[in-house]
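See below for the structure under consideration.
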Amino acid sequence: MLIPKKNRVSIYEYLFKEGVLVAKKDFFAPKHPEIDVPNLHVIKALTSLKSKGFVREQFAWRNYYWYLTNEGIQYLRDFLHLPAEIVPATLKRQTRPEASRPRPKGPAEGGPRGPAPDREYRKAGGPPGGDKKADVGAGANESFQFRGGFGRGRPGGGGGGGFGAPPPPSHE
Numbered sequence: 001m002l003i004p005k006k007n008r009v010s011i012y013e014y015l016f017k018e019g020v021l022v023a024k025k026d027f028f029a030p031k032h033p034e035i036d037v038p039n040l041h042v043i044k045a046l047t048s049l050k051s052k053g054f055v056r057e058q059f060a061w062r063n064y065y066w067y068l069t070n071e072g073i074q075y076l077r078d079f080l081h082l083p084a085e086i087v088p089a090t091l092k093r094q095t096r097p098e099a100s101r102p103r104p105k106g107p108a109e110g111g112p113r114g115p116a117p118d119r120e121y122r123k124a125g126g127p128p129g130g131d132k133k134a135d136v137g138a139g140a141n142e143s144f145q146f147r148g149g150f151g152r153g154r155p156g157g158g159g160g161g162g163f164g165a166p167p168p169p170s171h172e
């Protein structure tokens, strides 16, 4: 596609400055949100760079994401006549403040911790004199009884029931 050089240069400058470019998949959008050029020009210029291997493309949720490769950085440096000292924002180191996260205040810094009160139940083996293993199994509880089928079927047989079935007849 023929793109005016002014638009191509502004797209390439933005891409080199940021190192990454995002465009919504809308070919009829009058302007790109970040650059003052038609969105179609941005998509087609970066599709061309992708075919040359200068950007890596990712597409998700109707958005194109283009990431500049090392070859693309060199190509844009030559195209825009930039010195080697200027690098994209994605390659710049982030400067972090030294005390960005406060350290947790504990009773002893780095030493062994004492027993936690909420973990005491693990040490206790149950009630004193109680044996957990003896209370397990079919014969453990002498008051064993059948309680029925939890509403499955009717006492007179016949089955049925369930969602959409007619209500059971009343026994009066």
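In UniProt numbering, the protein residues as written are 1 to 172. For every residue, glycine included, the Cβ atom is placed at its ideal position computed from N, Cα and C.
I think residue i touches residue j, with their Cβ atoms under 8 Å apart; what is that distance to the nearest whole Å?
{"i": "A45", "j": "I86", "result": "About 20 Å; that fails the 8 Å criterion."}
{"i": "residue 181", "j": "Y64", "result": "Any answer about residue 181 is impossible in this case: the structure gives the chain only from 1 up to 172."}
With a CB to CB cut of under 7 Å and the five nearest residues on each side skipped, what residues in its chain are close to residue i?
{"i": "D26", "result": "N39"}
{"i": "I3", "result": "H41, K44 and A45"}
{"i": "G72", "result": "L49, F54 and V55"}
{"i": "P1", "result": "Looking at the sequence provided, one finds Met at residue 1 rather than Pro. Closer than 7 Å at the Cβ level, and outside the excluded window around M1, lie K44."}
Just mark residue i as buried or exposed, buried being the case when its beta carbon has 16 or more other beta carbons within 10 Å.
{"i": "W66", "result": "buried"}
{"i": "G114", "result": "exposed"}
{"i": "H171", "result": "exposed"}
Determine whether the beta carbon atoms of residue i and residue j lie at a separation below 9 Å.
{"i": "L91", "j": "L82", "result": "no"}
{"i": "E13", "j": "L80", "result": "yes"}
Measuring CA to CA, which of the options is closest to residue i?
{"i": "F54", "options": "H32, A60, F16 and N7", "result": "F16"}
{"i": "R8", "options": "D78, V42 and K52", "result": "V42"}
{"i": "V20", "options": "A116, Q94 and P88", "result": "P88"}
{"i": "I35", "options": "K6, R96, S48 and Q58", "result": "K6"}
{"i": "L68", "options": "A60, K50 and F59", "result": "K50"}
{"i": "N70", "options": "R62, K52 and P33", "result": "K52"}
Between which residues of its own chain and residue i is the CB-CB distance below 8 Å, once the five residues before and five after are set aside?
{"i": "R93", "result": "none"}
Within its chain, find whatever has a CB closer than 6 Å to the CB of residue i; leave out the 5 residues flanking it on each side and keep chain order.
{"i": "E57", "result": "K50 and W66"}
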